[in-house]
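S.K.:
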Amino acid sequence: MKVLSTFIFTILSFLIGALCLFGLIHHFGVDKLTAPSPIIAVLVLPLAYCLQAIYKLSDLKESQQLNGDEARRLFYIVDLKRGRLFTCIVFYFLSAIFVGISMMIGDGGQLFKKITLIISGGLLGVTVFTIFIIYSLMNEVTNFKAKLVRREQDEKHRKM
């Protein structure tokens with residue numbers, strides 16, 4: 005169910021991003037928005053945030069407060085989430101490459117430019133959506149670390 009809702013939100017964010025950029029194109033005109041640099045910058049911007057999330061997830065594996073069963077389950081979850089984050093990294097790079105190449109080609113005329121910019125807007129929408137997913141993941145990691153610290157403090161108080 006979660007995969008389906010993520011897929012639906014991804015499609016919706018693509019459509020919203022495409023419509024927003026199409027509105028900008030319609031308002032300002034295609035020729036004024038042909039510079040790919042700002043779009044590429046926004047597509048690659050979340051890369052650092054994604055890498056930070058990967059490192060935070062990797063730090064969870066070093067936790068000493070878990071028993072064997074908890075550690076095994078945590079390692080599986082961490083590996084799964086890290087894989088998803090690596091997928092985001094690949095998406096960011098491929099999106100930036102697509103936008104850069106398609107806007108540099110630009111020989112297809114006005115229709116080609118409009119379609120390219122609309123797809124770029126969709127990719128921007130998906131990028132914004134993934135930023136919220138990564139933010140949610142970072143909150144999960146922070147809350148889990150706090151929970152481990154509280155559990156360790158509770159165990160110390162019980163032993164006293």
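Using this note's numbering, the first residue of the sequence shown is number 5, and each one after it goes up by one. The C-beta atom is built at its ideal place from N, Cα and C for all residues, glycine as well.
#1: Could you tell me whether the Cβ atoms of residue 92 and residue 134 are closer together than 7 Å?
#2: Look up residue 71 in the DSSP assignment and say whether it is helix, strand or coil.
#3: DSSP three-state call for residue 111: helix, strand or coil?
#4: Nearest-angstrom Cα distance between residue 62 and residue 140?
#5: If you measure between the beta carbons of residue 43 and residue 130, is that distance less than 7 Å?
#6: Suppose contacts are defined by Cβ-Cβ distances below 7 Å. Is residue 24 in contact with residue 112 by that definition?
#7: Rank 99, 79 and 81 by C-alpha distance to the C-alpha of residue 45 and give the top, closest one.
#8: Considering only C-alpha positions, which residue in the set 59, 114 and 106 is nearest to residue 197?
#9: Checking 7 Å against the spacing of the C-beta atoms, do residue 96 and residue 47 come in under that value?
#10: Whole alpha helix (DSSP H) runs in the segment 79-113 with 4 or more residues, listed along the chain?
#11: Can you tell me whether residue 66 is helix, strand or coil according to DSSP?
#12: By DSSP, does residue 49 sit in helix, in strand, or in coil?
#13: Give me, in chain order, the residues of the same chain whose beta-carbon lies closer than 8 Å to that of residue 29; leave out the 5 immediate sequence neighbours on both sides.
#14: From residue 154 to residue 143, what does the alpha carbon distance come to, in whole angstroms?
#15: Given a threshold of 16 other Cβ atoms within 10 Å of its Cβ, counted over all protein chains shown, does residue 57 qualify as buried or as exposed?
#16: Assuming residue 115 contacts residue 21 under a Cβ cut-off of 8 Å, what Cβ separation, rounded to an integer in Å, is found between them?
M.R.: Here's the rundown:
#1: yes
#2: coil
#3: coil
#4: Distance between the alpha carbons of residue 62 and residue 140 is about 16 Å.
#5: no
#6: no
#7: 99
#8: With the chain represented from 5 up to 164, any question about residue 197 goes unanswered, as that position is not in the structure.
#9: yes
#10: none
#11: coil
#12: coil
#13: 37, 118, 121 and 122
#14: 16 Å
#15: With 16 or more Cβ atoms within 10 Å of its Cβ, residue 57 is classed as buried.
#16: Actually they do not touch by this definition, with Cβ atoms about 20 Å apart.
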